[in-house]
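S.K.: Structure incoming, see below.
Numbering (the working numbering), first residue to last: 15 to 162.
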């Protein structure tokens, strides 16, 4: 069967160390905004039914352009925030019901799902499926290389 969800890593958002305020409010930088536009192009080809994001601003901003294009609101869910477990993400996918979901999250959450050695760059995404209630990574799509 095909993918059940597209697991997106948020775009570039500057450096955690250089950001003074609450890390949840750290926005995308110029490169991250370009990555969000590139994701809009690649993800809008999929039959997306649900759009979920970590509540962190950089995640919401990564999938906002896609939501606007598809006419879908971005649901902010704690099951995708930093430190979320694979079980939380599995439960989220189950709770959303049928149809393909786009889930925007953080590097640590994606690593927990696809493994430490798997590719996992900002602005890239994984097609994942569910098999016997467990998440199975299917295929990785790296971020578009943006020259501009």
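Even glycine gets a Cβ: it sits at the ideal position worked out from N, Cα and C.
1. How many Å lie between residue 78 and residue 146 at the Cα?
2. Start and end of the beta strand (DSSP E) containing residue 77?
3. Note down the Cα distance separating residue 111 from residue 45, rounded to an integer number of angstroms.
4. Are the CB atoms of residue 126 and residue 99 nearer to each other than 9 Å?
5. Quickly, what does DSSP pair residue 140 with across the bridge? List them, please.
6. Is residue 115 near residue 62, with beta carbons less than 9 Å apart?
7. With a threshold of 9 Å between beta-carbons, can residue 58 be considered close to chain D, or not?
8. On the three-state DSSP scale, how would you describe residue 47?
9. Evaluate residue 156 with the Cβ neighbour count: other Cβ atoms within 10 Å of its Cβ, from every protein chain shown; 16 or more gives buried, anything less gives exposed.
10. Run through DSSP, which three-state label would residue 91 get?
11. Assuming residue 39 is part of the beta strand (DSSP E), what are its boundary residues?
M.R.: This is what the structure gives:
1. The count along the chain shown starts at 1 and reaches residue 78 at position 64. The count along the chain shown starts at 1 and reaches residue 146 at position 132. Their Cα atoms are separated by approximately 31 Å.
2. The count along the chain shown starts at 1 and reaches residue 77 at position 63. Not the beta strand (DSSP E): residue 77 falls in the alpha helix (DSSP H), residues 71 to 84.
3. Here residue 111 corresponds to residue number 97 of the chain shown, with the count starting at 1. Here residue 45 corresponds to residue number 31 of the chain shown, with the count starting at 1. The alpha-carbon atoms of residue 111 and residue 45 are separated by roughly 33 Å.
4. On the chain shown, position 112 is the one that residue 126 refers to. On the chain shown, position 85 is the one that residue 99 refers to. Closer than 9 Å, so yes.
5. By 1-based counting over the chain shown, the position of residue 140 is 126. For residue 140, which the question treats as bridged, DSSP gives the partners 21, 154.
6. Here the question's residue 115 lines up with position 101 in the chain shown. Here the question's residue 62 lines up with position 48 in the chain shown. Closer than 9 Å, so yes.
7. Of the protein chains in this structure there is only one, and it is not chain D.
8. Mapped onto the chain shown, residue 47 falls at position 33. Per DSSP, reduced to three states, the secondary structure at residue 47 is helical.
9. Counting from one through the chain shown, the residue named residue 156 turns up at place 142. Residue 156 comes out exposed.
10. Reading the chain shown from its first residue, position 77 is the one you call residue 91. Of the three classes helix, strand and coil, the one that applies to residue 91 here is coil, per DSSP.
11. The residue given as residue 39 occupies position 25 in the chain shown. Unbroken run through residue 39: none, as it is neither H nor E.
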